[in-house]
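Residue numbers (the numbering used here), protein chains in the order written: chain A, 10 to 359; chain B, 406 to 608; chain C, 9 to 624. Single-structure report; data block below.
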């Protein structure tokens, strides 16, 4: 048998380099504008509690990793076969050592378990009085948000006030989805026939991205959401506008008028129409798709996958299943003028 | 070790088929356990349609339960007869066991048809789905048992079920007693212990 | 090392028959093991191909390499194939070939049942993969109607309402068929290990691979019935319209999750314990030292099997079980880390003070330990529900289970392949090529899966066919894709090694100088395994003075070798036919006739099997 060359632990996975990589990426992970869905830069109490707990567990894991991998590497190097060696000592075990290395991990686990259970109970209590109640309903493939006390119904963009506890009551209209806005909270499944809950209090103003985190069919990847944390004044103004009727049409704007007319009129040979699936206050009452009464105030459409500018809406209206495979909104033949008119009309629904 | 001895050497002194069959019974416990657990989880949760109080007939099912219990007694007697080489009584008791099993199945067929006429079908509600699946699986096991026993009866009639084949009968007996025990559990859990149904639609 | 050619036949025992028919009717555990191994490896390559396409699609944001629909089929089939058609049957290949040899038996307790398990596995795997080309038969718009709701098939996405095509039917029926194969094999191995150990082979003298496999069989017979029922409920909902997962009728979608994970968690121990057993054989051999703490390693395996039943809801932390349930399952999940971790320490201690030879099996065994540490630690992170709410259903958990299943189970299986190859085929695989395979695969798997810890915690959910370009995930995904391609190259090296191994010199009885019984006989073993049943006097029979009685090269007298039988295959075909009939459930009469016809074939197969003359 040829002598085996001195074997190095593979460079790619050697622990000093891995630790450096980990730290480096963690630092990078802190740049949350580069990573809008990072879990490492929480902007809420719940997110922070989770992140703190994770940090504790992570460093214990790094410690165990360092100790055990080092033991492995040292063993591999120190006891590799050298020429002229005899049979090694045939040890079968050592009770004291075995007890020690059974107890040590058990103790570390208890140390992790205590803050774990504390955080579990902290995150699961009843929402504090004065919490903003929002009903979240997952649909294939968009999010419905209802603020019952405020009379607001919107989609895909969840506005919440800074500093006020928000209590989400989460369910689904069809299959299991999962509400996940990583910077605000851990995820919570949205299940038909059941209501789950999430509570958090945001501590930073801004727009925070999220998406569905439970496989829910063809366009699971396209079921996105945004959480807009507003200052209390901005939030109140937003809620007031959302709960009021949408602004009246500008009767001098022919394009907008044509848009409303198209919205009412359009119907394809398969009997699909805008009014059958969408609600626009004062015009229609369809409940299959998102409420469009204030769609002009939203920054995105199509489950949060497209900007709600002219190009985005045009692309969506032109071919919904092309943008979101499996989309329940069918492809309807529209003329360029119809699309332009509809865009103007939808933009007017602020 | 000589070949003949080697071929039949076992670590436990037990026939391998018996050990395998006990392992099989173990897995069947999990099978029926899952069915029973589902039944219990869904008890009282049906949103519409008939429920236990309205439709289960305990006196009638007590008779079929007794019938199945008696069939286990027949099975014990059948095994004893085969073990002592008693050809006549082996056939009598085997036939009796299979017959009582078939009687149980006809009680079930009657019960199922009656339920369907009363408006409780397989797909009517949670109770219908979980009840018929649970008792149907059990009935399917009884049916397999009846076929097995009939096969043994035919072998006996052919003169091929002597004391040297007693293990075959013993294993069939193990199966039969197990199916009986499962029925006792089902009878108790489904028929005898009926929890108060929650108001409809409430979780 | 003496390489005396051992006669494969003697006047006492004729040579093993050759030809295709002899393989179709084989009841020899060694041949069945080879059949399992080859078939499972082909499925493993298929699953790997599915993974490569997945990785190419995800190599950059918003790509259109495959459609969303096909992507969802790919990840479903990748998971289902790797779990049920690759890792489990690769382990079964070793159960088959190695266990009887390690315990000093001539074959398993029920050789025909053994063959039946293999045929059902093969036909079930073909059945499920036929869905890729069965679209036209069901009037679908495209060629493929492969299962597409994930390997975990959550209700109620799998209902007829949300999955109207035959895709899920293929999945449900396929897994049911495969379950039959696994259960039958489990009854067989439980009986074999309990009842066919050679004289003197007490429980605490049994090799650790056999012990871990024994625990695995108990996990199979307890876990598979639960998924059987869960799948029965789903099948009945889809075919008959029952209400088990029908929310409008009051059904609970979580019922599926509980039933699935009650099976699913023991299933992951089914996947890892045999590989842990293999590592426990390879390390002592190449350390020239016994396993450190044999009893603890055995007991911890048993404990993992038992406690593994109490952790299932840790897959459901995001469903809002409530703080008490969350805490209980968190505690049990952390508890199970202890016996798992202890094994790692025992393995390192086995090598400590030894004389380590880094042949290919040893590299894979050490690789297993190293990667399992990482996978185990990310598992502990998952055990904390609040932390898990940021990890579950993201690429972080994809990283975790690929570290334990690829870095763990697959490396363990390759350790076994290289270790036992000379025993199975008479010649070892080339060690240089083996080392190249190891290093390429080790680099590849780390490059693929380590970045996923980060992409997950940076907000990338699982099971998405594409991702937005502005989430910062592009580079991480590209690295993973490159790693996957590298892993593919490693497989090519292995395949080349297999083809080239015919040129290796004959290995002899014990090329590694190992301690257990299988190394006491010829390579490959004769049909009857042991010329006389040995009497065992030690846990390390070949390393102990007088550890086992002498096993002559030539049998002293005639040895009866059981004949082949076609009946197991007939019964398996009956089961397949019933499955095909159930697929056609939209057309009542043809479906019923096919199911009944399949049942008739099955019953005929069973009866003719029961009554054919067959002496073990």
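Built from N, CA and C at the ideal position, the CB exists for glycine as well.
C-alpha distance - residue i paired with residue j, whole-angstrom precision
i: residue 446 of chain C; j: residue 423 of chain C; result: 10 Å
i: residue 38 of chain A; j: residue 48 of chain A; result: Here residue 38 of chain A scores only 49 on pLDDT, less than 50, and its place in the model should not be relied on; the value that follows carries that caveat. Residue 38 of chain A and residue 48 of chain A: Cα-Cα distance of roughly 9 Å.
i: residue 416 of chain C; j: residue 458 of chain C; result: 14 Å
i: residue 285 of chain C; j: residue 533 of chain C; result: 22 Å
i: residue 613 of chain C; j: residue 296 of chain A; result: 56 Å
i: residue 425 of chain B; j: residue 540 of chain C; result: 25 Å
i: residue 272 of chain A; j: residue 349 of chain A; result: 12 Å
i: residue 616 of chain C; j: residue 575 of chain C; result: 7 Å
i: residue 200 of chain C; j: residue 27 of chain C; result: 28 Å
i: residue 584 of chain B; j: residue 552 of chain B; result: 14 Å
i: residue 66 of chain A; j: residue 232 of chain C; result: 34 Å
i: residue 583 of chain C; j: residue 179 of chain C; result: 15 Å
i: residue 140 of chain A; j: residue 235 of chain A; result: 20 Å
i: residue 463 of chain B; j: residue 590 of chain B; result: 14 Å
i: residue 624 of chain C; j: residue 570 of chain C; result: 5 Å
i: residue 541 of chain B; j: residue 168 of chain C; result: 23 Å
i: residue 579 of chain C; j: residue 504 of chain B; result: 28 Å
i: residue 402 of chain C; j: residue 470 of chain C; result: 5 Å
C-beta atoms of residue i and residue j nearer than 8 Å
i: residue 297 of chain C; j: residue 361 of chain C; result: yes
i: residue 225 of chain C; j: residue 198 of chain C; result: yes
i: residue 172 of chain A; j: residue 59 of chain A; result: no
i: residue 464 of chain C; j: residue 405 of chain C; result: yes
i: residue 114 of chain C; j: residue 536 of chain C; result: yes
i: residue 37 of chain C; j: residue 105 of chain C; result: yes
i: residue 201 of chain A; j: residue 187 of chain A; result: no
i: residue 492 of chain C; j: residue 397 of chain C; result: no
i: residue 536 of chain B; j: residue 595 of chain B; result: yes
i: residue 62 of chain A; j: residue 392 of chain C; result: yes
i: residue 359 of chain A; j: residue 255 of chain A; result: yes
i: residue 374 of chain C; j: residue 308 of chain C; result: no
i: residue 283 of chain C; j: residue 229 of chain C; result: no
i: residue 250 of chain A; j: residue 306 of chain A; result: yes
i: residue 544 of chain C; j: residue 213 of chain C; result: yes
Supposed contact pair residue j and residue i - C-beta distance, whole angstroms, cut 8 Å
i: residue 294 of chain C; j: residue 369 of chain C; result: 7 Å
i: residue 165 of chain C; j: residue 157 of chain C; result: 5 Å
i: residue 247 of chain A; j: residue 168 of chain A; result: 5 Å
i: residue 253 of chain C; j: residue 264 of chain C; result: 6 Å
i: residue 287 of chain C; j: residue 211 of chain C; result: 21 Å between Cβ atoms; not a contact.
i: residue 315 of chain C; j: residue 340 of chain C; result: 7 Å
Opposing strand residues paired with residue i [DSSP bridges]
i: residue 217 of chain A; result: A:236
i: residue 294 of chain A; result: A:288
i: residue 147 of chain A; result: A:152, A:181
i: residue 166 of chain A; result: A:235
i: residue 205 of chain A; result: A:179
i: residue 210 of chain A; result: A:174
i: residue 110 of chain C; result: Note: residue 110 of chain C sits in no beta bridge, so no partner.
i: residue 469 of chain C; result: C:402
i: residue 81 of chain C; result: Partner(s): none; residue 81 of chain C has no beta bridge.
Distance cut-off 7 Å: residue i Cβ against heavy atoms of the ligand ADP
i: residue 604 of chain C; result: Annotation note on the ligand ADP: not contained in the displayed structure, which lists no ligands.
Where residue i meets chain D, residues with beta-carbon distance less than 8 Å
i: residue 258 of chain C; result: Absent here is chain D; the protein component of the structure consists of chains A, B and C.
- prompt: What residues in the segment 560-589 of chain B have a beta carbon less than 8 Å from any beta carbon of chain C?
  reply: none
- request: Select from the segment 161-191 of chain A all residues with a C-beta closer than 8 Å to any C-beta belonging to chain C, and list them in chain order.
  value: 183, 184, 185, 187, 189, 191
message: What are the residues in the segment 300-334 of chain C lying within 8 Å of chain A by C-beta distance?
response: 300, 301, 302, 303, 304, 326, 327, 328, 330, 331, 334
query: Using a beta-carbon distance cut-off of less than 7 Å, what residues from the segment 357-371 of chain C approach chain A?
result: 359, 360, 361, 362, 363, 364, 365, 366
- request: Residues of the segment 173-197 of chain C with a CB closer than 7 Å to any CB of chain A: list them in chain order, please.
  value: none
query: What residues from the segment 559-579 of chain C come within 7 Å of chain A, judged by C-beta to C-beta, listed N to C?
result: none
- prompt: Going along the chain, which residues of the segment 217-231 of chain A sit with their C-beta nearer than 9 Å to a C-beta in chain C?
  reply: 218, 219, 220, 221, 222, 223, 224, 225, 226, 227, 228, 229, 230, 231
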